[in-house]
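First up is the structure itself, then whatever we jot down about it.
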Amino acid sequence: VLNHEVNKIKSACRVVYGNRQLPQLTFIVVKKRHNTRFFLYNGQHTMNVRAGTVIDQDITHPSQFDFYLCSQAARMGTSRPALYHVLHDDIGFTSDAIQQLTYWLCHTDMRCTKSVSIPAPVHYAHLAAYAARTLKFGEDDDKESLDEDTEEPESYSLDDIKTKVMTLDEKLVDDMWFL
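Going by this note's numbering, the first residue of the sequence shown is number 978, and it counts up by one from there.
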């Protein structure tokens, strides 16, 4: 990601922005699927940590910028933190600022009135990628639609995607259709 995708996005920004000032970028990888859990122990009982708890010392990588954030309270069972790896930061965020921003973004998901486990932009990107599996490419437009219960969508290689044009219905072009 750091060596390939960051450079590709910066190149795309140079094409789009031309001679204007380029935007400053920060790249963070968010990992939800891990087995790390945190608990408070008061001498008699263990309990979940409070929403907004950040763990950025002792168990994190000694030289990389990473942290755990428990962004939501567990309604039942054990709260599950997300692991954040800051790969690249042009903006120069302090660790407290980037942790606060990620926590605030966990409160902006349009599907929920409470905080969610990962920041809304990460959730929306996941939904968009999942929905993009069923987009039609060029000559595939005349194929019948998938029966969601029985068929998996056809997979495409990166070369297929680069050479074929993805099309969206005219009504969906300016809409957040993946939500």
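Each residue gets a CB set at the ideal place from its N, CA and C atoms; glycine is no exception.
All figures in this text were calculated on a predicted structure; none of them were measured in a lab.
Item	Value
Own chain, CB closer than 8 Å to S1040, minus 5 neighbours either side, in chain order	none
Extent of the continuous beta strand (DSSP E) to which N1025 belongs	1023-1025
Distance between beta carbons of F1015 and V983, contact taken as under 8 Å	Contact flag wrong, Cβ pair sits at about 31 Å.
Cβ neighbours of I1032 in the same chain (closer than 6 Å, five flanking residues each side left out)	Y1045
Assigned exposure category for Q1001 - 16 Cβ within 10 Å defines buried	exposed
Through-space distance from G1020 to S1056, alpha-carbon basis	20 Å
Backbone secondary structure at D1119 - three-state DSSP	Model confidence at D1119 stands at a pLDDT of 46, short of 50, so the residue's coordinates are unreliable; what they give is reported in the following sentence. Helix, per DSSP.
Buried versus exposed, by CB contacts within 10 Å (16 or more), C1083	buried
Presumed contact (8 Å Cβ cut-off) between V1007 and L1017, rounded CB distance	Between L1017 and V1007 the Cβ distance is about 24 Å, and since that is not below 8 Å, they are no contact.
Distance CB(S1094)-CB(A1050) smaller than 8 Å	no
D1136 burial status per 10 Å Cβ neighbour count (16 or more: buried)	exposed
Whole-Å CB distance - D1043 paired with Y1061, under 8 Å assumed	6 Å
First and last residue of the uninterrupted alpha helix (DSSP H) at L1082	1072-1082
Candidates R1088, P1096, D1151, R991: closest to K1009 by CA position	P1096
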